[in-house]
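So for the sequence shown, full-length UniProt numbering puts the first residue at 1; every next one is plus one. Where a beta carbon is used, it is the ideal one built from N, C-alpha and C, also for glycine. Since this is a predicted model, take the numbers as computed values, not measurements.
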Amino acid sequence: MAQARGWRALKSFASGFFVAVPVTVAFLDRVACIARVEGKSMQPALNPPGATQDVVLLNRWRARSGQVQRGDVVSLLSPRDPRQKLIKRLIALEGDLVVPLGVRRKPLRVPRGHAWVEGDHRGHSFDSNAFGPVPLGLLHGHATHILWPPRRWQRLSRELPPERGPLETVEKVSFPGDGHTTVTRIR
Numbered sequence: 001m002a003q004a005r006g007w008r009a010l011k012s013f014a015s016g017f018f019v020a021v022p023v024t025v026a027f028l029d030r031v032a033c034i035a036r037v038e039g040k041s042m043q044p045a046l047n048p049p050g051a052t053q054d055v056v057l058l059n060r061w062r063a064r065s066g067q068v069q070r071g072d073v074v075s076l077l078s079p080r081d082p083r084q085k086l087i088k089r090l091i092a093l094e095g096d097l098v099v100p101l102g103v104r105r106k107p108l109r110v111p112r113g114h115a116w117v118e119g120d121h122r123g124h125s126f127d128s129n130a131f132g133p134v135p136l137g138l139l140h141g142h143a144t145h146i147l148w149p150p151r152r153w154q155r156l157s158r159e160l161p162p163e164r165g166p167l168e169t170v171e172k173v174s175f176p177g178d179g180h181t182t183v184t185r186i187r
């Protein structure tokens with residue numbers, strides 16, 4: 001009798017386990033996950049001086065479905081080392097005109113299917129100024145909230161540094177042969 005109850009308990013646990021694990025994996029892969037932020041590149045928004053490392057909530061659904069906007073903080077795979085994940089602010093989207101920082105200050109049009117990302121702390125950021133526009137397919141998640149430490153719990157704001165927005169923004173991008181109308185706003 002006790003042995004039968006033991007087998008039923010084990011069978012119940014195993015069936016719950018084999019349902020919970022795939023559901024959890026699918027959720028973390030497609031919907032949301034958490035990530036620890038390392039480094040200084042997003043200071044002061046993330047990891048301010050003297051504080052512990054921030055942990056953020058990443059909305060993977062928004063990033064994968066292209067629902068990101070200028071000013072969003074995004075997580076992406078590094079274009080130079082796909083094993084490394086970066087967290088940066090989205091400055092410009094496809095079709096926008098942006099001026100890179102550094103030696104090369106010639107305005108650049110962000111190509112179709114790409115974005116321009118930069119860290120908030122310019123002197124300590126490996127970003128589009130170093131590797132150019134990144135394919136939208138490398139976006140991993142949209143950082144929406146700081147979850148840890150508790151005293152920093154907050155929603156991350158969508159803001160562009162005043163001096164770093166694109167020179168021109170494009171509402172709908174028109175590329176040869178796709179039939180879209182281009183509406184350009186110049187700041």
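- The C-beta separation of W116 from P133 comes to about 5 Å, placing the pair in contact by the 8 Å criterion.
- By the Cβ-count criterion, L76 is buried, with 16 or more other Cβ atoms from all chains shown falling within 10 Å of its own Cβ.
- Within the segment 71-129, the complete beta strand (DSSP E) runs of at least 3 residues fall at 73-77, 85-93 and 114-118.
- In this structure, H142 sits away from D54, with a CB-CB distance that is not shorter than 7 Å.
- Proximity to W61 across A32, G137 and R70 peaks at A32, based on C-alpha coordinates.
- When secondary structure is reduced to three states using DSSP, L58 falls in the strand class.
- When DSSP states are grouped into helix, strand and coil, W148 belongs to the strand group.
- Classified as exposed, K11 has fewer than 16 neighbouring CB atoms from the shown chains inside 10 Å of its CB.
- In the displayed model, A9 falls within a helix according to three-state DSSP.
- Proximity to G39 across S128, I87 and A63 peaks at I87, based on C-alpha coordinates.
- Distance check between P100 and each of H124, A130 and R80 places A130 closest, using alpha-carbon atoms only.
- N59 sits close to T144, with the two beta carbons spaced by under 7 Å.
- When the alpha-carbon of S128 is set against those of K106, L90, G95 and P82, the nearest one is in L90.
- Shown here, G50 sits in coil according to DSSP, grouped into three states, outside any helix or strand.
- Under the three-state reduction of DSSP, L138 is assigned to helix.
- Shown here, R158 sits in coil according to DSSP, grouped into three states, outside any helix or strand.
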